[in-house]
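Chemist: Each residue of the sequence shown is one higher than the one before, counting from 62 in our numbering. I'd like to ask some things about the structure below.
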Amino acid sequence: MMTIAPDNVTGSPEMPRKVLNTEIGKISIYDHVVIMEGKANVNISIRNGMSVLIDVAKAVGFRPVVYISNRINAYSVDPNDYKYLEMIPNLKGIAIVTYNEFSYNTASMEENFIRKPFRVFNNLHAAKSWAKYVIEGKVIV
62 MMTIAPDNVT GSPEMPRKVL NTEIGKISIY DHVVIMEGKA NVNISIRNGM SVLIDVAKAV
122 GFRPVVYISN RINAYSVDPN DYKYLEMIPN LKGIAIVTYN EFSYNTASME ENFIRKPFRV
182 FNNLHAAKSW AKYVIEGKVI V
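Pasting the structure below:
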């Protein structure tokens with residue numbers, strides 16, 4: 062079951078516009094960044110993520126965004142599903158934040174499955190900074 066936190070009235074860059082707590086994880090939606098923190102031990106795929114993707118698309122609208130996967134928990138992703146993310150025109154890039162070498166190496170291989178700007182980081186702050194450059198058009202694939 063999904064719960065939706067109230068929209069942020071102030072629109073502050075530090076406060077999310079909306080937070081979705083879903084069966085696959087927590088999604089914080091900011092003006093131009095969507096941060097996902099998947100639940101531990103889940104398998105995230107198009108099968109269980111499509112309804113979440115639709116809810117995020119509704120919340121984002123037509124604003125350009127960068128998706129950041131903040132992998133604070135161990136979970137699996139089917140990289141073949143990145144082809145569906147290719148179809149989202151306002152998704153401008155993907156960043157993955159990892160916290161150990163194994164996760165970093167796994168995330169680095171995922172880059173082969175998408176043609177949008179993609180980068181792996183070891184901290185969330187660096188990923189957010191990169192996302193800003195992507196949104197401003199300063200990062201080219």
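All C-beta atoms in this analysis are idealised placements derived from N, C-alpha and C, irrespective of residue type, glycine included. Since the structure is predicted, the reported quantities are computational estimates derived from the model, not experimental observations.
Using CA coordinates, which residue listed in Ile155, Pro178, Phe182 is at the minimum distance from Asn166?
Modeler: For this step, residue 166 is matched to residue 105 along the sequence shown. The residue with the shortest Cα to Cα distance from Asn166 is Phe182.
Chemist: Buried or exposed for Thr71, please, with buried defined as at least 16 other CB atoms from any protein chain shown within 10 angstroms of its CB.
Modeler: If you number the sequence shown from 1, residue 71 lands on position 10. Confidence is the limiting factor: at Thr71 the pLDDT is only 34, short of 50, which leaves the residue's position unreliable, though a coordinate-based value still follows. Exposed, since its Cβ has fewer than 16 Cβ neighbours within 10 Å.
Chemist: Tell me the DSSP secondary structure of Ile107 in three-state form.
Modeler: Stepping through the sequence shown from its first residue, residue 107 is reached at position 46. It is helical.
Chemist: Quick check: what's the CA-CA separation for Ala188 versus Ile105?
Modeler: Within the sequence shown, numbered from 1, the residue matching residue 188 stands at position 127. Within the sequence shown, numbered from 1, the residue matching residue 105 stands at position 44. Distance between the alpha carbons of Ala188 and Ile105 is about 21 Å.
Chemist: Would you mind working out which of Pro125, Val195, Val121, Ala118 sits nearest Ala156, comparing C-alpha positions?
Modeler: Reading the sequence shown from its first residue, position 95 is the one you call residue 156. Among Pro125, Val195, Val121, Ala118, the Cα nearest to that of Ala156 belongs to Val195.
Chemist: With a threshold of 7 Å between beta carbons, is Pro125 in contact with chain B?
Modeler: In summary, chain B is missing from the structure at hand, where a single protein chain is found.
Chemist: Give me the residue from Ala135, Gly110, Gly154, Asn141 with the minimum Cα distance to Arg124.
Modeler: The residue you call residue 124 lines up with position 63 of the sequence shown. Here the closest residue by C-alpha is Gly154.
Chemist: Quick one: residues in its chain with C-beta nearer than 6 Å to the C-beta of Ile133, no 5 flanking neighbours on either side, listed in chain order?
Modeler: Taking the first residue of the sequence shown as 1, we reach residue 133 at position 72. If we look at Ile133 and ignore the five residues flanking it on each side, its Cβ neighbours are Glu98.
Chemist: Quick one, which of Met170, Tyr91, Val200 has its alpha-carbon nearest Ile129's?
Modeler: If you number the sequence shown from 1, residue 129 lands on position 68. Answer by Cα proximity: Tyr91.
Chemist: Please state whether DSSP places Asn11 in a helix, a strand or coil.
Modeler: This structure cannot settle anything about residue 11, because the visible part of the chain is limited to 62 through 202.
Chemist: Starting from Phe123, trace the beta strand (DSSP E) in both directions and tell me its first and last residue.
Modeler: Numbered from its first residue, the sequence shown carries residue 123 at position 62. Looking at the DSSP string, Phe123 is not in any beta strand (DSSP E), and its letter there is neither H nor E.
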